[in-house]
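J.: Following my numbering, the numbering of the sequence shown begins with -14 at its first residue and continues without gaps.
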Amino acid sequence: MVEKYPDYERGQLLKMYDDLEEDDRKILDDFLLSCKTSANENKVGDIKRSIIQFRDITGEKLGNVSLNGLRNWLILLNQSKREDWGKHDLKVHVKRFLKHQYPDWVTRFNNLKELRVSTPSLNRNHIVTG
């Protein structure tokens, strides 16, 4: 487990995907196939990068994620300097992955109560006028 949320360089996450162990890659590919039924290729790429980040930061295999690993990842994410919308997207993607991968997600991850996702509010800094 890392001590702070890393800043990944362009292409680094795709390299990490290539270095994943066979079982992690199979789990991720199966999840991404499921995502393709409702998301376009760009969104599926975002989801892929999110799950690779989650795997990298927790240090846990995708088939053996623990509640503690999830909590530690959330702490690092919430303390990071990422924009709120970026944190929101990462949480949504990880939550979707956990629900897909673990049929017992309700009991295993305490109903994902700690992974609550709220829609970031807009303010005048987000509004573009022309």
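Note that the Cβ used here is the ideal one computed from N, Cα and C, for glycine as well. These figures come from a predicted structure and were not determined experimentally.
Could you pull out every unbroken beta strand (DSSP E) segment of at least 3 residues lying fully inside the region -12 to 39, listed in chain order?
T.: Whole beta strand (DSSP E) segments, 3+ residues: zero.
J.: Please classify W58 as buried or exposed, where buried requires at least 16 other C-beta atoms within 10 Å of its C-beta.
T.: Buried: at least 16 other Cβ atoms inside 10 Å.
J.: Counting only the same chain and skipping the five closest in sequence on each side, list residues whose C-beta sits under 7 Å from that of K21.
T.: Answer for K21: V29, listed in chain order.
J.: Evaluate I37 with the Cβ neighbour count: other Cβ atoms within 10 Å of its Cβ, from every protein chain shown; 16 or more gives buried, anything less gives exposed.
T.: Buried, by the Cβ-count rule.
J.: Tell me which same chain residues have a C-beta within less than 8 Å of the C-beta of R10, skipping the five on either side of it?
T.: Around R10: Y2.
J.: In angstroms, rounded to a whole number, what distance separates the CA positions of L55 and V91?
T.: Their backbone Cα atoms lie some 14 Å apart in a straight line.
J.: Taking the CB atoms as reference points, tell me whether Q86 and V50 lie closer together than 9 Å.
T.: Yes, they are a contact pair.
J.: Given a cut-off of 9 Å on the beta-carbon distance, is the pair K46 and E7 in contact?
T.: No, they are not a contact pair.
J.: Can you tell me whether L83 is helix, strand or coil according to DSSP?
T.: In the structure shown, L83 sits in a helix (DSSP, three-state: H, G or I).
J.: Cα separation between V79 and D69?
T.: Roughly 15 Å separates the two Cα atoms.
J.: To which residues of the same chain is N53 closer than 6 Å at the C-beta, ignoring the five residues directly before and after it?
T.: For N53, where only same-chain residues beyond five positions count, there are no Cβ hits under 6 Å.
J.: Are the CB atoms of V(-13) and I42 nearer to each other than 9 Å?
T.: Yes. Within cutoff.
J.: Around the Cβ of S23, are there at least 16 other Cβ atoms within 10 angstroms (buried) or fewer (exposed)?
T.: Classification for S23: exposed.
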